[in-house]
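For reference, the structure discussed in these notes is given below.
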DNA sequence: AAAAAATATCCGAAATTTCGGACAAAAATC
DNA sequence: GATTTTTGTCCGAAATTTCGGATATTTTTT
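Chains as they are written, first to last, in the working numbering: chain A, 26 to 230; chain B, 26 to 230.
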């Protein structure tokens, strides 16, 4: 579970207070005091979320938001607005902020909101991982000549059978429904060595 | 994108008002006035989220929440609490509610919150779909004898090549790196007919 | 409608794969 | 440490697969 929260807040006191609140809730605050400082952490593979103040001396929370969206549209950005600044808050959501919080904000609301954002982030990253897994499988299964493709698959099947049988060739052969000798033939052809699949805990070559 | 919101609210006026707000935001409200009525919609494959009042004549929002969790722990439930009832709200989150809203609630906050819940739901369902996809592939790839497994795979490879070549056997054979006649041999063995892969738009048997 | 190209099937020789048996070496059991 | 089992390798005959050539049929082009 990702727990990182990249805090962007120029007011040192508030920043520290937020960080402390998060730590008490087992989150991992990363404190920065400006967009410039935070910039390099904002990447598409960042395993966490962003919490940024809106009004800051050199940049606004919207700058952070826009930048984050160029790096990864699915990176949640939570913005801290001034008290009762509803129009700004609405604009923030419209522009793609994950949520907003009114300053000063209740610690519980803060952590609840961030937790939701973190879960969102987790789900997105996990989804991407699954998708990539499927894509690469698809891709690598469909390259090369028929013989090559079949050989790759055969190798996988045999390796799997050997693994399941803990490296015992006879047993693997039986599970694959072929005579022991035939499996040896194929293993030689595929440059497979039974030893490698023996002893799940410790084996040296 | 799932857009269904199962509303559980005994106050008809408020319920209608919420439903209208949601419709204006392109969400799909499903109006119910009691837990009993909503109960059968709450299932692990429900493509939406739940929005329930906490105080109701016969049941509470917590009943809804607990029930939802037994059906699907990842089905977001948003609870409507009375004005400034912070303790109850906190308890709701602790017990697994996705979020809570204070009555009367701002329409924007309502839709924002529900949208987040819906995205969450979407991601969870998508994740499950991916996982299942991977599992079934794994399972069906590892059953039967070696010959059977290889034959299944060979069939897939050839079918794919034929599809890519729009049913032209010679072309498919070339892409697979084998002579045309050999491909015919294998197709006969696997009971494959080239015609089936011709004419991406319309073909009758 | 004729000509050209592609599809689909059959044949048979050459190449490859299968598989049982034999056997030495290694490992496990007694 | 002797015995039994298992492993890994080699051999050769039988079975299967490959693949080019021949050819009839269908489709496409001209």
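Using N, Cα and C, we set each Cβ at its ideal position, and we do this for glycine too.
Item, Value
"Buried or exposed: where does residue 215 of chain A fall if 16 or more other Cβ atoms within 10 Å of its Cβ makes it buried?", "exposed"
"Within 10 Å of its beta-carbon, does residue 71 of chain A have 16 or more other beta-carbons around it, so buried, or fewer, so exposed?", "buried"
"DSSP on residue 227 of chain A, reduced to helix/strand/coil?", "Residue confidence is low: residue 227 of chain A scores 38 on pLDDT, short of 50, so the model does not pin down where it sits. Its coordinate-derived value is still stated next. Here residue 227 of chain A sits in coil by DSSP."
"Confirm the yes/no value for this check: CB of residue 92 of chain B, any heavy atom of the ligand ATP, distance under 8 Å.", "With respect to the ligand ATP, the structure offers nothing, as it holds no ligand at all."
"Taking a Cβ distance cut-off of 7 Å, strictly less, list which residues of the region 185-213 of chain A are near chain B, in chain order.", "185, 201, 202, 203"
"Where residue 41 of chain B and residue 137 of chain B are concerned, what is the direct C-alpha to C-alpha distance, given to the nearest angstrom?", "18 Å"
"With distances taken between CB atoms, is the gap from residue 57 of chain B to residue 84 of chain B smaller than 9 Å?", "no"
"Can you tell me whether DSSP reads residue 137 of chain B as helix, strand or coil?", "helix"
"I want to verify the contact list: residues of chain B whose CB lies under 9 Å from the CB of residue 174 of chain A, in sequence order.", "178, 179, 182, 201"
"For residue 169 of chain A, decide whether its Cβ has a neighbour in chain B, counting only Cβ atoms nearer than 9 Å.", "yes"
"Between A/177, A/131, A/159, A/145, which lies nearest to residue 109 of chain B when the distance is taken from Cα to Cα?", "A/131"
"Please go through the same chain and pick out, in chain order, the residues whose beta-carbon is closer than 7 Å to the beta-carbon of residue 29 of chain A, but skip the five residues on each side of it.", "53, 55, 72, 73"
"Can you give me the start and stop residues for the alpha helix (DSSP H) that residue 167 of chain A sits inside?", "Where residue 167 of chain A is concerned, there is no enclosing alpha helix (DSSP H), given that its DSSP letter is neither H nor E."
"Check whether chain A comes within 9 Å of residue 158 of chain B, counting only Cβ atoms and requiring the distance to be less than that.", "yes"
"Would you say residue 148 of chain A reaches chain B, if we count a Cβ-Cβ gap shorter than 9 Å as a contact?", "yes"
"My output table needs one value for residue 77 of chain B: the three-state DSSP class, helix, strand or coil.", "strand"
"Buried or exposed for residue 204 of chain B, going by 16 or more other Cβ atoms inside 10 Å?", "exposed"
"If you reduce the DSSP assignment to three classes, tell me which class residue 125 of chain A lands in.", "strand"
"Shorter than 9 Å from the beta carbon of residue 151 of chain B to some beta carbon of chain A?", "yes"
"Any idea if residue 153 of chain A is buried or exposed, counting beta-carbon neighbours within 10 angstroms, 16 or more meaning buried?", "exposed"
"Go through its chain and collect everything with a Cβ distance to residue 96 of chain A's Cβ below 7 Å, but skip five positions before and after it.", "67, 68, 69"
"Could you check whether the Cβ of residue 79 of chain B sits closer than 9 Å to any Cβ belonging to chain A?", "no"
"Measuring alpha carbon to alpha carbon, tell me which residue in A/76, A/90, A/202 is nearest residue 126 of chain A.", "A/76"
"Please classify residue 218 of chain B: is it buried, with 16 or more other beta-carbons within 10 angstroms of its beta-carbon, or exposed?", "exposed"
"Strictly under 9 Å for the Cβ-Cβ distance: is residue 97 of chain A near chain B by that measure?", "no"
"Beta strand (DSSP E) containing residue 239 of chain B: first to last residue?", "Given that chain B is displayed from residue 26 to residue 230, the structure contains no residue 239 of chain B and the question cannot be resolved."
"Exposed or buried, what is residue 112 of chain A when buried is set at 16 or more other beta-carbons lying within 10 Å of its beta-carbon?", "exposed"
"Can you tell me whether residue 187 of chain B is buried or exposed? The criterion is at least 16 other CB atoms within 10 Å of its CB, across all chains shown.", "buried"
"Is any beta-carbon of chain B found at less than 9 Å from that of residue 115 of chain A?", "yes"
"Apart from the five residues on each side of it in sequence, which residues of its chain come closer than 7 Å, Cβ to Cβ, to residue 173 of chain A?", "none"
"Would you call the CB atoms of residue 207 of chain B and residue 197 of chain B closer than 9 Å?", "no"
"Among residues of its own chain, excluding the 5 on either side of residue 82 of chain B, which ones have a beta-carbon nearer than 7 Å to its beta-carbon?", "35"
"Quick check: residue 87 of chain A and residue 79 of chain A, are their CB atoms within less than 9 Å of each other?", "yes"
"Buried or exposed for residue 2 of chain A, going by 16 or more other Cβ atoms inside 10 Å?", "Since the first residue shown for chain A is 26 and the last is 230, residue 2 of chain A is missing from the structure and cannot be characterised."
"Going by the CB atoms, is the gap between residue 104 of chain B and residue 124 of chain B shorter than 9 Å?", "yes"
"For residue 106 of chain A, name the three-state secondary structure that DSSP assigns.", "strand"
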